[in-house]
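Laid out in structure tokens, this is it:
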């Protein structure tokens, strides 16, 4: 079999959530900022389809594209591609990227702690990588600035009724509701119902409201619902 396309990917996961890292074979997309580059990837769709669809991808897989950082303080930039969207930031994906950089030697490993500075589309993320015996043990990060957008707003959710919610940003946009208010239990055996309720809440928020970010003006939607126990 002959091919002109060879992409080098490091397979990584964070507690089971797959966040593969493209380390070679793809040129940086156009754009003067990481945000513009990520928006180009989202609009174009070809790279997302190539990496995220079968046989290479699937609904379980996220893929991160390494690009040169625009911020001089960062080691590298990364663009996050998830099955649903191309988000501003993702904690698990940032951890996967940092782990890949350190374990492949692109950022020299310093035991017991290696500091990695990443530039996500939403801004700079600082990752502390605990290492021993030449391998990554654990990671922690300082995220981009987070904020609450709405507090105790009433959202009308079809099939459920009026629900009291908060909305917030922590690298992505969230609608947060109390499982107690919804009379649902946060437990594994109720996963299907939790998913259905969460999707209904997120859909209702997107139908009735517009998310507002002070520095990412074209990020207008809510990506996820959180149900607190």
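Residue numbers (my numbering): -13 to 215.
Positions of the beta carbon are idealized from the N, C-alpha and C atoms, including for glycine.
Simplified DSSP state of residue i, which is helix, strand or coil
i	result
residue 147	strand
residue 68	coil
residue 187	helix
residue 193	helix
residue 141	strand
residue 178	helix
residue 135	strand
residue 167	helix
residue 99	strand
Supposed contact pair residue j and residue i - C-beta distance, whole angstroms, cut 8 Å
i	j	result
residue 150	residue 138	6 Å
residue 233	residue 110	Past the edges of the chain, shown from -13 to 215, lies residue 233, and the structure says nothing about it.
residue 155	residue 199	6 Å
residue 14	residue 27	In fact, because the Cβ distance is near 10 Å, the residues do not count as touching under 8 Å.
residue 9	residue 128	In fact, because the Cβ distance is near 24 Å, the residues do not count as touching under 8 Å.
residue -5	residue 48	Actually they do not touch by this definition, with Cβ atoms about 12 Å apart.
residue 197	residue 153	7 Å
Beta-carbon proximity check, residue i vs residue j, cutoff 9 Å
i	j	result
residue 103	residue 60	yes
residue 141	residue 181	no
residue 33	residue 67	yes
residue 86	residue 161	no
residue 12	residue 51	yes
residue 205	residue 164	no
residue 183	residue 214	no
residue 93	residue 130	no
residue 186	residue 143	yes
residue 24	residue 17	yes
residue 21	residue 98	no
residue 132	residue 157	yes
residue 1	residue 57	no
residue 73	residue 38	no
residue 96	residue 117	yes
residue 113	residue 84	yes
residue 134	residue 64	no
residue 42	residue 36	yes
*Could you name each continuous beta strand (DSSP E) segment of 3 residues or more that falls completely within the segment 34 to 58, going from the start of the chain to the end?*
Note on the segment 34 to 58: whole beta strand (DSSP E) runs with a minimum of 3 residues are 47 to 53, in chain order.
*What runs of the alpha helix (DSSP H), each 4 residues or longer, lie entirely inside the segment -13 to 27?*
Within the segment -13 to 27, no run of alpha helix (DSSP H) at least 4 residues long lies entirely inside it.
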